[in-house]
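Residue numbering for the sequence shown follows our numbering, starting at 590 and increasing by one per position. Ideal Cβ positions, reconstructed from N, Cα and C, are used throughout, including at glycine. One structure is given below, encoded as structure tokens.
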Amino acid sequence: MTNLTRPLLLAALILAVLPAQSQSGNEGRIHSDFRREGEQLQSCKTFNFGSLANCAETLVTGQPMHIAVGSLAPQNGTAAGLAFVEHKDYANEWRLNWDLDAVGSGNGSWRAGAYMKAFRQPGGKIIVVAGPSKNTNPLYRTAPLFNLYAETTSLNRIYFYGLGPNTLPADRSAFGLTQTIAGASAILPLAGKTGISLVGELNGRVPQLRSNNGESSPSIAILYNESTAPGLTRQPAFLQAGEGLRIRPSLFRDTLRLNYLLQFQQFVALSDSHYSFRRWNADFGHEFPLYRNVRLTAANDQNGPDSCSTSSSTTACPHISLTQNLEGSIAVRLFMTGSIANAGSVVPFYFDPTIGGSDLNGQPILASYPDYRFRAPNLLLLRETFEHSLGKLPAGFLFSIDEAKVGMNRDDISFDHLRHTFTAGLTVHAGGLPVVYLLFSWGGNEGHHTTASISNTLLGASARPSLF
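So, in structure tokens, the structure goes:
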């Protein structure tokens, strides 16, 4: 029996047993949720497509408990475990959503986290903040959303080729990383239909590096030192703040959806200012839906990573269906990020973004190259993507073009000498289940790369905290 099969079987057994223990004459909300989930699991006893689809939905998306499955950072495998999801509604129209999950993979990597969302549901009495004059428009009409979270991720295999855009494949080394992130963030929507929101975050980050001597590549400390890999010898705890502006309007009768983010972050090393730095991010996403009601990439900020509810008034996830309308979209994204360190300070290499394969967050950039292939404080990405459903199956075809580069200096962020990658393959968007990717990438000058991965959140869930 494989390392992945054991936790899946254990999770299925727990899901089957817990509902039976929830029967009581004085049934509470959580007991009631377990009982309903147990009733939904009865579909697993019938062998036809509809019953099997319902069974899969309940096992992987059901509330309050379901099997959690998804890919960890590249080279660390697919992880499985359990997730617990609950909510509480208050008389003042506020709702709290909780997520707890823990997963482990076959190579010993793991992730465990707790997440809370707090927001006011539609229809409640919304307090508006107004200026001194009665004729002044309110500052915001939509209630803000608050997040609290604590997450630890332990990864046993990460590759490091050195810093900069011209490193060699032969320079590959390996290391392990454990990082704990605990903090809070908020989204404050502003007035009107512009989709403009203020965003802010305050996180504590505790990174810990370790050697990896079980790989064909040498451990990082054998090939590199503090001058070639800043932060290798010491990893202080960080206080990381961030503030920015998010713009997400739908324009021209929903034929263009913008997803813009302008953000500034401060990484303050608590015990050694030598590792403190600042970072800016500029992300400009443009999506052109080919049909109405396209939701291939839709995410709900009110959901935690283990929830796929379609609205705040229900906990139900979208169902797996063979009769969905055709969906498709064309997307264009420009992303730039740069890091700034004062004289005498450095940017720790483990907080640098990477291109090649996928990054620590599982986001593919220049996927034809090996994972983590190029690493530097500054990055530019230009991506064009076409995705379309295949008939009325819960699957789609994806084709994308990436052009990207990294640089050691801010002046390196330009549109010349970009590396490129072409990617084509299949995606599976089945109800609220995690999205499955089967992709083949080519281009560049280091061969091709085949990727099979599962998103680390349910479809429609919000993202996990970034690892860098």
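A straight line joining the alpha-carbon of residue 686 with that of residue 805 spans about 44 angstroms.
The shortest C-alpha to C-alpha distance from residue 932 to any of 892, 955, 866 is the one to 866. Excluding five sequence positions before and after residue 1037, the CB atoms of its chain that fall closer than 8 angstroms to its own CB belong to 957, 1029, 1030, 1031, given in chain order. Residue 961 counts as buried, since no fewer than 16 other beta carbons sit within 10 angstroms of its beta carbon. Between residue 658 and residue 669 a beta carbon distance of about 5 angstroms is seen, short of the 8 angstroms cut, so the two are scored as contacting. Our two residues, residue 694 and residue 863, have alpha carbons roughly 35 angstroms apart in a direct line. Counting only the Cα atoms, residue 1010 lies some 10 angstroms from residue 946.
Within its own chain, the residues whose Cβ lies closer than 7 angstroms to the Cβ of residue 777, once the five positions on either side in sequence are excluded, are 729, 733, 786, 787, listed in chain order. In the DSSP assignment, the residues bridged to residue 792 are 772, 829. Secondary structure note for residue 874: its beta strand (DSSP E) is the uninterrupted segment 866–878.
The continuous beta strand (DSSP E) containing residue 855 extends over residues 845–858.
Within the segment 668–695, no complete alpha helix (DSSP H) segment of 4 residues or longer occurs.
Partner residues in the beta bridge of residue 921, as assigned by DSSP, are 875, 973. The criterion of a C-beta distance shorter than 8 angstroms is not satisfied by residue 750 and residue 664.
Secondary structure at residue 811: helix, using DSSP grouped into helix, strand and coil.
Contact between residue 1027 and residue 1041 holds, with the beta-carbon distance rounding to 5 angstroms and staying under 8 angstroms. Per DSSP, reduced to three states, the secondary structure at residue 797 is strand.
Taking residue 998 as the centre and dropping the five residues before and after it, the same chain places the C-beta of 967 closer than 8 angstroms to its C-beta, in chain order.
Contact between residue 970 and residue 990 does not hold, since their C-beta atoms are separated by about 11 angstroms, which reaches or exceeds 8 angstroms. The segment 801–815 and the segment 840–850 do not touch, with fewer than 3 CB-CB distances between them shorter than 8 angstroms.
Taking a 10 Å sphere around the C-beta of residue 635, we find fewer than 16 other C-beta atoms and assign the residue as exposed.
The closest CA to that of residue 764, considering only 827, 1007, 938, 975, is found on 938. Residue 655 counts as buried, since no fewer than 16 other beta carbons sit within 10 angstroms of its beta carbon. The segment 886–898 makes no contact with the segment 821–830: fewer than 3 CB pairs, one atom from each, lie closer than 8 angstroms. Residue 1013 sits in a strand when the DSSP states are folded into three classes. By the CB criterion at 8 angstroms, residue 699 and residue 640 fall outside the cutoff.
Nearest Cα to residue 630 within the set 833, 644, 623: 644. Excluding five sequence positions before and after residue 1022, the CB atoms of its chain that fall closer than 6 angstroms to its own CB belong to 649, given in chain order.
DSSP lists 686, 736 as the bridge partner or partners of residue 706. Residue 928 is bridged by DSSP to 868. DSSP places residue 620 in the helix class (H, G or I) of the three-state scheme. In the DSSP annotation of this structure, the continuous segment of the beta strand (DSSP E) that includes residue 1040 starts and ends at 1038–1043.
By the criterion of a C-beta distance shorter than 6 angstroms, residue 812 is surrounded in its chain by 762, once the five residues flanking it on both sides are discounted. Within its own chain, the residues whose Cβ lies closer than 8 angstroms to the Cβ of residue 800, once the five positions on either side in sequence are excluded, are 764, 765, 808, 809, 810, listed in chain order. Between residue 652 and residue 674, the C-beta gap is smaller than 8 angstroms, which places the two residues in contact.
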